[in-house]
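Asker: Supplied in structure tokens, the structure appears directly below.
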Amino acid sequence: MKVDVDPANKNNLGFTNAWPINGQYTATIYIQGQPFQVQVDSGSSDLWVKVNSTNLPAYYGTGYNSSDSYAGGTHVDAQIMLANVSLGEFTVEEQAFLPVLDAGDSLDGGYTDGILGVGPILGSPILLTLYNTSYQVNGLPLIFNIFGNYLDEQSFITIFLTREDFGITQGGFLGISEIMAENASIIEAPKLPLTSNSSWSTLMDGIYVNGEFLTGHSFGTNNSGLSVQPGVNQTVIGPDSGTTLISAPPYYVDAVYKGIPGAIFDEDQKTYQVPCETKLNVSMVFGETEYPMNPLDVIYPSFSNESAVCYGSMFYGRNDTGVDFLLGDSFMMNVYTLFNYGYWIDSNRGAPYIQMLSLTDRDQAWADFDFKNLIRLGNFAEQQIQQNENITSSYATAPPMTTTYPVVSAFPSGVPTPTASAQSKLGAALAESPASSGASSTDGLSGLQRNSYIIIGLVAGVLVLLLGVMIKLLSNSRSQQYRAVPNIDRPPVHFSDKPYEAETEAFQTPYDDEERRT
């Protein structure tokens with residue numbers, strides 16, 4: 320397996336928030352030079368993209384199929400293909416992926432072209448299928464093939480998710496063995512050990528809700544595949560960038576939302592409908608460290624009967640997913656997260672772990688909530704009107720990443736140390752991947768500075784727009800039910816002969832929520 324590096328494409332990740340208001344974070348990959356905007360998912364491990372007869376890239380077939388089933392009845396089935404796949408400055412030759420001709424309803428909203436899993440190796444159905452074949456190395460997840468060629472470097476990724484304050488989509492930062500300079504203190508954050516080698520899961524000690532500490536009430540300690548069992552008052556959590564909301568044991572959902580005046584439980588959403596002005600002070604506690612959530616992330620807007628309604632961002636989770644909490648983007652927007660792959664990449668390294676750096680100023684977020692929530696509701700209503708009237712939304716195509724961030728750790732620019740490659744099956748069937756088109760933006764952090772008069776003008780303009788939106792809502796005769804970003808459920812798979820863990824541990828499904836694959 321060969322990995323090429325082109326530093327000129329270092330900032331060509333195109334990491335962006337492709338789904339306005341609630342978030343769906345994507346990166347740009349190139350398959351044989353053709354761009355695809357894929358959701359970055361720490362809850363899965365494989366790469367697949369939706370294709371059609373007009374955008375089908377050149378590839379080489381392996382003759383092996385992989386299939387996925389979805390809770391809504393969608394079934395994705397495709398032959399595993401090999402192609403040159405580029406992510407940022409890295410191009411992996413002969414990488415295995417799934418080109419899906421019929422993705423069904425699995426990618427709601429049309430904002431993404433597929434999924435890039437960055438989870439553990441044991442969460443890869445593609446590798447499971449290709450294991451003990453001549454394509455075994457090709458079947459390793461993309462991120463593992465990148466790291467496997469740089470054994471002198473620490474193998475980790477970092478994820479920084481931004482939110483929308485004034486309708487401006489920015490995305491954030493996806494670092495491959497890189498740390499943002501402004502958040503470099505993450506290396507001093509507690510290292511959270513994993514509870515399993517098949518998922519990014521760890522232990523949480525409790526939640527603060529308006530000053531009240533909630534703990535315990537785990538689904539149980541009989542979760543198969545857990546190498547570390549939770550203590551009597553601990554719960555198992557999984558930070559998942561591919562999930563929008565937060566699945567939780569019913570005890571916590573009820574404790575957070577049930578007592579709110581006007582709260583009504585919604586059987587379909589499996590959470591509470593609450594007044595849109597609801598403001599809650601919620602923090603997650605890991606050991607001695609508290610991670611506050613912005614009140615904007617504790618509720619989310621939807622649309623019903625031509626008006627905005629709001630729901631709790633936490634909903635009833637299932638008791639058979641291997642975790643108690645699935646912490647999606649609603650939580651991850653409040654932390655800078657580091658996923659260290661450890662001995663999954665090199666057996667001489669320590670155990671994999673997670674680190675999180677709190678980014679939310681609790682007091683400032685509380686003070687800003689009323690105004691920013693008003694802006695959010697106005698933006699959401701405008702988006703809904705565009706959908707109802709079949710107006711092309713400005714969010715329909717995810718923009719490239721427009722802000723670059725200084726980093727303090729990066730891959731070397733020298734020649735990588737390649738790992739052993741499977742026998743080449745491509746020959747002349749694969750052409751060299753052409754260079755990515757377009758230069759990356761050179762806008763620096765200084766571009767974020769605004770003149771105070773511009774800010775005042777922007778705020779005034781937004782308020783006028785909000786008033787117009789509300790008037791238009793009253794006259795709009797059509798409505799469309801909002802659906803949260805779909806989250807893919809991973810089926811249990813058993814993997815008895817694993818290169819990166821002892822044979823005694825069973826292959827186990829990562830955590831998931833009600834909308835994800837079964």
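Using the working numbering, you'd call the opening residue of the sequence shown number 320 and step up by one each time. Here a beta-carbon is modelled for each residue, glycine too, at the ideal position from N, C-alpha and C.
1) Which ranges does the beta strand (DSSP E) cover as unbroken runs of at least 3 residues, wholly within the segment 639-687, from first to last along the chain?
2) Measuring CA to CA, which of W663, D682 and V547 is closest to N613?
3) Are the CB atoms of Y619 and L564 nearer to each other than 8 Å?
4) Helix, strand or coil for D573, going by three-state DSSP, please let me know.
5) State yes or no: is the C-beta of S361 within less than 8 Å of the C-beta of G458?
6) Does the segment 513-525 touch the segment 685-694, meaning 3 or more C-beta pairs lie closer than 8 Å?
7) Would you say M675 and Y610 are within 8 Å of each other, going by their C-beta atoms?
8) Please determine, among W367, E607, V604 and F584, the residue with the shortest C-alpha to C-alpha distance to S632.
9) On the DSSP bridge list, what partners appear for G295?
10) Can you round the beta-carbon distance between V642 and G539 to whole angstroms, since I take them to be within the 8 Å contact cut?
11) Over what stretch of residues does the beta strand (DSSP E) that includes P558 continue unbroken?
12) Are there three or more Cβ pairs, one per stretch, closer than 8 Å when the segment 592-606 is compared with the segment 659-670?
13) For F492 and G380, I'd like the C-alpha separation in whole angstroms.
14) Considering only residues of the same chain and omitting the five flanking positions on each side of C629, which have a CB-CB separation below 8 Å?
15) Enumerate in chain order the residues of its own chain whose CB-to-CB distance from F355 is below 8 Å, with the five nearest sequence positions on each side excluded.
16) Over what stretch of residues does the alpha helix (DSSP H) that includes I465 continue unbroken?
17) Determine the direct distance from the alpha carbon of V575 to that of Q284, and round the result to whole angstroms.
18) If you draw a straight line from the C-alpha of A567 to the C-alpha of G669, how long is it?
19) Whole angstroms are fine: how far does the CA of G436 sit from the CA of I505?
20) Whole angstroms are fine: how far does the CA of V572 sit from the CA of Y357?
21) Give the straight-line distance between the Cα atoms of A397 and E531, rounded to the nearest whole angstrom.
22) Nearest to N502 by CA position, among L449, T514 and T679, is which residue?
23) Is the beta carbon of L480 closer than 8 Å to that of M652?
24) To which residues of the same chain is R482 closer than 6 Å at the C-beta, ignoring the five residues directly before and after it?
25) Can you find a heavy atom of the ligand PLP that lies under 7 Å from the Cβ of F409?
26) What is the rounded straight-line gap between the Cα of L441 and the Cα of I694?
27) Return the chain-ordered list of same chain residues with a C-beta closer than 7 Å to the C-beta of L745, the five sequence neighbours on each side being excluded.
28) Hey, how far is the Cα of Q319 from the Cα of Y672?
29) Helix, strand or coil for L545, going by three-state DSSP, please let me know.
30) Beta carbon of V370, beta carbon of P444: below 8 Å?
31) Which of helix, strand or coil does DSSP assign to D585?
32) Closest to D559 by C-alpha separation, out of V654, L470 and A700, would be which residue?
33) Answer yes or no: do I399 and L449 have a C-beta to C-beta separation smaller than 8 Å?
34) Looking at the secondary structure, which residues open and close the beta strand (DSSP E) in which I526 lies?
35) When you compare each of E586, L615, Q588 and Y344 to N889 by their alpha carbons, which one comes out closest?
36) Please say whether G647 and T562 have beta carbons closer to each other than 8 Å?
Answerer: From the atom records:
1) Counting whole runs of 3 or more residues, the segment 639-687 contains the beta strand (DSSP E) stretches 644-646, 654-659 and 672-677.
2) Answer by Cα proximity: D682.
3) Contact flag set, yes.
4) Annotated three-state conformation of D573 is helix, per DSSP.
5) Against a cut-off of 8 Å, the Cβ pair of G458 and S361 comes out as no contact.
6) Output reads no: the segment 513-525 does not touch the segment 685-694.
7) At the C-beta level, M675 and Y610 come within 8 Å of one another.
8) Looking at the Cα atoms, F584 is the closest of the given residues.
9) Not covered by the structure: residue 295. The range shown for the chain is 320 to 837.
10) Wrong, their Cβ atoms sit about 11 Å apart, outside the cutoff.
11) For P558, the enclosing beta strand (DSSP E) begins and ends at T554 to P558.
12) By the Cβ rule, the segment 592-606 does not count as touching the segment 659-670, because fewer than three pairs are nearer than 8 Å.
13) Their backbone Cα atoms lie some 33 Å apart in a straight line.
14) Its chain contains Q592, V593, P594, C595, T597, I618, Y619, P620 and S621 as the residues whose beta carbon lies nearer than 8 Å to that of C629, once the 5 sequence neighbours on both sides are disregarded; these appear in chain order.
15) Around F355: T347, I348, Y349, V368, D432 and G433.
16) Counting along the chain, the alpha helix (DSSP H) containing I465 begins and ends at L461 to F466.
17) This structure gives no information on residue 284, because the portion of the chain shown stretches from 320 to 837.
18) The alpha-carbon atoms of A567 and G669 are separated by roughly 30 Å.
19) One Cα belongs to I505, the other to G436, and the distance between them is close to 23 Å.
20) The question names Tyr, but residue 357 is Val in the sequence shown. The C-alpha of V572 is placed about 31 Å away from the C-alpha of V357.
21) Between A397 and E531, the alpha-carbon positions lie close to 49 Å from each other.
22) For N502, the nearest C-alpha among the options comes from T679.
23) When the beta-carbon positions are compared, M652 and L480 come within less than 8 Å of each other.
24) Excluding positions up to five away in sequence, the list reads M652.
25) No copy of the ligand PLP occurs in the structure displayed, which carries no ligand at all.
26) Within the model, the alpha-carbon separation for L441 versus I694 is close to 42 Å.
27) Legend: pLDDT at L745 = 37, less than 50; position of this residue unreliable, value from coordinates given subsequently. Excluding sequence neighbours, L745 sits near Y379, L401 and E413.
28) Residue 319 lies beyond the stretch modelled for the chain, which goes from 320 to 837, so this question has no answer here.
29) Secondary structure of L545 (DSSP, three-state): coil.
30) V370 places its beta carbon 8 Å or farther from that of P444.
31) Of the three classes helix, strand and coil, the one that applies to D585 here is strand, per DSSP.
32) With distances taken between Cα atoms, D559 lies closest to V654.
33) Taking 8 Å as the Cβ cut-off, I399 and L449 qualify as a contacting pair.
34) Per DSSP, I526 is one residue of the beta strand (DSSP E) stretching across G525 to V528.
35) No answer is possible for residue 889: it lies beyond the span of the chain, which begins at 320 and ends at 837.
36) In this structure, G647 lies closer than 8 Å to T562 by Cβ.
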